[in-house]
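Enquirer: In our numbering, the protein residues as written are 3 to 597. Pasting in a structure now, in structure tokens, and then I'll have a few things to ask.
Rendered as structure tokens:
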């Protein structure tokens, strides 16, 4: 059998398998994809779980880690002269991937750490500036989702990183295992370094536990041996610098933590995200005045806070007065509830901005909030775009435009758009502790920096190689450097021989194909079967409109399609049915039905 025919048959088999997958929420396309209310984040996470777990509902974490240990053991027993396996990074070095955690070194503020959703921990010694600003830090462990970063302010060589990206429990199967369909990469707990990231050890060890995640790690500023962690399993505390941990608030889906820097026994925790249907979830905002020994629920019906919510709540405390706190409260896919403010340490709350235009329908996913450290009236909020308030959260105005990105191959480290561009879906803010005007932003497109606390921005993704490719990466049959892939929230990108990849549309990318006889003819896909074709190597595109394309009831989130290598006029696409085109996708046959 010829290799190219084998490749085609494997792809066709994948098409059949994909028929068994399904997703839920419909996202329509809009030509150039310049209107965005959601990123498809929920569908993306569900899709990544389904294709790896099929025919099961999930992948047991203990089996995953045991497989990693086995591979390491086998590697250690190999010959002293193994066959060479030389891999070269080809990028994209100019397109950042989904990022969910940030930290700036407390004394050397040119050092910035960023946590990728699936690319691990990265470090910059240039404040993120430059074509090769970033270096990946190898922890030696298999988890690549870095969801929180904490640096010891007394000894900055000591750091803790939380791993795993979990947004909620969905249901329990018969053996009692909680299945999280809407989650990202696996978490193995908390890792610790004492030498600035050169070597790492396990601190909170969840290597053999089911899919868990750590959303926040905070260190007691007066006693760095005391550490708190907000996790999918509740709030944990260590009193011996991470040597051991205890669960001090056993409520699912702890998302954010605050510690009072003056009285470090006072702690705040937000609980809940896509978890209200889970027994004992106890969604709410909690306060402890004794280091976590006991807790008081602040949304008690009389404080001014909403009684409950179905999305994520994020918190911040004003640096100049720890009694001043804000809480950005949201439902999951329905509406933003509002920005709540207290000036008396959580006893009473008032609602400020409460427009659904801020969060759209992704309050479970992109919901970030932060004070300017020297002015409690100035607040930045993160949703699809960056928003800013100058009156203590009463009003917010949009300060970034996600759709303003530049197409084409922008050089690594160069601006990816005008000064009002920040990639969509904001996950985290932090600031330079020596210059409060300098704001850092983690988004679905990597890192962005502002020198005026959110009035203008520039991209900091040079060498930050973390973009997330979906299935069906395409290689040219005739051009050894030309390839094309679909990216999470970065649509399709081309490699044309350099690490600066060429970007086409925005939004989520899916399956890609290249004509075996003419590489100028190539295909890219948005979600739910929306396929586009170019006949000039990606300069321009036309949608092909397979039957029922754009419908979540007809296609899965990443709908597979293949181009026949021996006759590239023949194209198949799979949804609830399989469709065929004999003229490169211009016309489609009626349903071929199930195989």
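For each residue, glycine too, the CB sits at the ideal point set by N, CA and C. The structure presented is a predicted model; accordingly, all values stated were derived computationally and were not measured.
(1) Counting Cβ pairs closer than 8 Å, one from the stretch 103-117 and one from the stretch 125-140, do we hit at least three?
(2) Using a 10 Å radius around the Cβ and a threshold of 16 neighbouring Cβ atoms, would you call residue 33 buried or exposed?
(3) Just grab the DSSP bridge partners of residue 485 for me.
(4) Short of 7 Å in beta carbon distance, which residues of its chain neighbour residue 320, apart from the five on each side in sequence? Order them along the chain.
(5) If we require 3 or more residues per run, which beta strand (DSSP E) segments fall completely within the stretch 371-418?
(6) Is the stretch 417-436 in contact with the stretch 335-345, if contact means three or more CB pairs nearer than 8 Å?
(7) Return yes when the Cβ of residue 102 is within less than 8 Å of the Cβ of residue 143, no when it is not.
(8) How many angstroms separate the CA atom of residue 599 from the CA atom of residue 385?
(9) Since residue 104 and residue 442 should fall inside the 8 Å C-beta cutoff, what is the C-beta to C-beta distance between them, to a whole number of angstroms?
(10) State buried or exposed for residue 259, treating a residue as buried only when at least 16 other CB atoms are found within 10 Å of its CB.
(11) If distances are taken between C-alpha atoms only, which option among 450, 430, 543 and 455 comes closest to residue 391?
(12) Could you check where the beta strand (DSSP E) with residue 662 kicks off and where it finishes?
(13) Provide the residue span of the beta strand (DSSP E) that contains residue 527, from first to last.
(14) What residues in its chain sit with their C-beta under 8 Å from that of residue 322, if we drop five residues either side in the sequence?
(15) Could you give the C-beta distance for residue 389 and residue 360, rounded to a whole number, given that I count them as a contact under 8 Å?
(16) Classify residue 33 as helix, strand or coil using the three-state DSSP reduction.
(17) On the criterion of 16 or more Cβ atoms from any shown chain inside 10 Å, does residue 90 qualify as buried, or is it exposed?
(18) Where residue 171 and residue 269 are concerned, what is the direct C-alpha to C-alpha distance, given to the nearest angstrom?
(19) What are the residues that DSSP puts in a beta bridge with residue 260?
(20) With distances taken from CA atoms, which of 152, 187 and 432 is nearest residue 198?
(21) According to DSSP, what are the bridge partners of residue 124?
(22) Cβ atoms of residue 423 and residue 402: under 8 Å apart, would you say?
(23) Rounded to a whole number of angstroms, what is the C-alpha to C-alpha distance between residue 367 and residue 213?
(24) Residues in its own chain within less than 6 Å of residue 160 by CB, not counting five upstream and five downstream?
(25) Whose C-beta lies closer than 8 Å to the C-beta of residue 369 among residues of the same chain, with five residues either side of it excluded?
(26) So which of 524, 247 and 148 has the shortest CA-CA distance to residue 538?
(27) What are the boundary residues of the beta strand (DSSP E) that residue 454 is part of?
(28) Would you mind reading off the limits of the beta strand (DSSP E) that contains residue 239?
(29) Taking 8 Å as the cut-off, decide whether the C-beta atoms of residue 476 and residue 97 are in contact.
(30) Which same chain residues end up closer than 6 Å to residue 137 when comparing Cβ atoms and leaving out the 5 residues on each side of it in sequence?
(31) What does DSSP give as the partner residue(s) for residue 441 in the beta ladder?
(32) Give me the Cα-Cα distance between residue 520 and residue 533, rounded to the nearest whole angstrom.
(33) Can you give me the start and stop residues for the beta strand (DSSP E) that residue 583 sits inside?
(34) Among 310, 512, 120 and 150, whose alpha-carbon lies nearest the alpha-carbon of residue 106?
(35) So, is residue 587 buried or exposed, given that buried needs 16 or more other C-beta atoms within 10 angstroms?
(36) Please classify residue 499: is it buried, with 16 or more other beta-carbons within 10 angstroms of its beta-carbon, or exposed?
Expert: Inspection of the coordinates gives the following:
(1) Segments in contact, yes.
(2) Locating residue 33 in the chain shown gives position 31, counting from the first residue. Interpretation of residue 33 is limited by its pLDDT of 37, a score under 50 that renders its predicted location unreliable; the figure taken from the coordinates is listed afterwards. With fewer than 16 Cβ atoms within 10 Å of its Cβ, residue 33 is classed as exposed.
(3) For the purposes of this step, residue 485 is taken as residue 483 along the chain shown, with counting starting at 1. The partner list for residue 485 (beta bridge, DSSP) reads 477 and 497.
(4) Here residue 320 refers to the residue found at position 318 when the chain shown is read from its first residue. So the qualifying residues of the chain are 326, 373 and 378.
(5) Inside the stretch 371-418, DSSP marks whole beta strand (DSSP E) runs of 3 or more residues at positions 377-384 and 388-391, from first to last along the chain.
(6) Short answer: they don't touch.
(7) In the chain shown, residue 143 corresponds to position 141, counting from 1. In the chain shown, residue 102 corresponds to position 100, counting from 1. Contact: no.
(8) Given a span of 3 to 597 for the chain in the structure shown, any question on residue 599 remains unanswerable.
(9) Walking along the chain shown from the start, residue 104 turns up at place 102. Walking along the chain shown from the start, residue 442 turns up at place 440. Correct: roughly 5 Å between the Cβ atoms.
(10) As a first step, residue 259 is located in the chain shown; it is residue number 257 there, counting from the start. Answer is buried; the Cβ neighbour count reaches 16.
(11) Your numbering for residue 391 matches position 389 in the chain shown. Comparing alpha-carbon positions, the option among 450, 430, 543 and 455 lying closest to residue 391 turns out to be 455.
(12) Limits of the chain in this structure are 3 at one end and 597 at the other, which puts residue 662 out of reach.
(13) Counting from 1 along the chain shown, the entry for residue 527 is found at position 525. From DSSP, the beta strand (DSSP E) with residue 527 extends over 524-527.
(14) Numbered from 1 along the chain shown, position 320 holds the residue referred to as residue 322. The beta carbon of residue 322 is closer than 8 Å to those of 375, 376 and 378 in its chain, skipping five residues each way along the sequence.
(15) The sequence position of residue 389 within the chain shown is 387, counting from 1. The sequence position of residue 360 within the chain shown is 358, counting from 1. Confirmed, Cβ separation roughly 6 Å.
(16) Within the chain shown, the letter at position 31 stands for residue 33. Confidence at residue 33 is low in this model, with a pLDDT of 37, below 50, so its placement is unreliable and the value that follows should be read with caution. Here residue 33 carries a coil assignment [DSSP, helix/strand/coil].
(17) Sequence index remark: in the chain shown, residue 90 carries index 88 (1-based). Using a 10 angstroms sphere on the CB of residue 90, the tally of other CB atoms stays under 16, which defines it as exposed.
(18) The residue given as residue 171 occupies position 169 in the chain shown. The residue given as residue 269 occupies position 267 in the chain shown. Approximately 25 Å between the Cα atoms of the pair.
(19) As a first step, residue 260 is located in the chain shown; it is residue number 258 there, counting from the start. Residue 260 has 270 as its beta-bridge partners, per DSSP.
(20) Taking the first residue of the chain shown as position 1, residue 198 is located at position 196. Selected option, being the one with the closest Cα: 152.
(21) For the purposes of this step, residue 124 is taken as residue 122 along the chain shown, with counting starting at 1. Paired residue(s): 116 and 138.
(22) Position 400 of the chain shown holds residue 402. Position 421 of the chain shown holds residue 423. Yes, the Cβ-Cβ distance between residue 402 and residue 423 is below 8 Å.
(23) Here residue 367 corresponds to residue number 365 of the chain shown, with the count starting at 1. Here residue 213 corresponds to residue number 211 of the chain shown, with the count starting at 1. The straight-line gap separating the alpha-carbon atoms of residue 367 and residue 213 is approximately 18 Å.
(24) Numbered from its first residue, the chain shown carries residue 160 at position 158. If we look at residue 160 and ignore the five residues flanking it on each side, its Cβ neighbours are 154 and 196.
(25) On the chain shown, position 367 is the one that residue 369 refers to. Within the same chain, residue 369 has close Cβ partners 313, 314, 315, 316, 330, 332, 361, 384 and 385.
(26) To locate residue 538, count along the chain shown from 1; it is residue 536. Residue 524 is the option with its Cα nearest to residue 538.
(27) Reading the chain shown from its first residue, position 452 is the one you call residue 454. Unbroken run through residue 454: none, as it is neither H nor E.
(28) Indexing the chain shown from 1 puts residue 239 at position 237. First-last of the beta strand (DSSP E) with residue 239: 236-240.
(29) Taking the first residue of the chain shown as 1, we reach residue 476 at position 474. Taking the first residue of the chain shown as 1, we reach residue 97 at position 95. No, the pair does not count as a contact, with Cβ atoms beyond the cut-off.
(30) Along the chain shown, one-based indexing puts residue 137 at 135. Same-chain partners within the cutoff: 125.
(31) Stepping through the chain shown from its first residue, residue 441 is reached at position 439. Looking at the DSSP output, residue 441 bridges to 433 and 452.
(32) The residue you call residue 520 lines up with position 518 of the chain shown. The residue you call residue 533 lines up with position 531 of the chain shown. So the alpha carbons of these two residues sit roughly 18 Å apart.
(33) As a first step, residue 583 must be located in the chain shown, where it is residue number 581. 580-583 is the extent of the beta strand (DSSP E) around residue 583.
(34) The residue you call residue 106 lines up with position 104 of the chain shown. For residue 106, the nearest C-alpha among the options comes from 150.
(35) Your numbering for residue 587 matches position 585 in the chain shown. Burial call: buried.
(36) In the chain shown, counting from the first residue as 1, residue 499 sits at position 497. Classification of residue 499: exposed, given that the 10 Å Cβ count is below 16.
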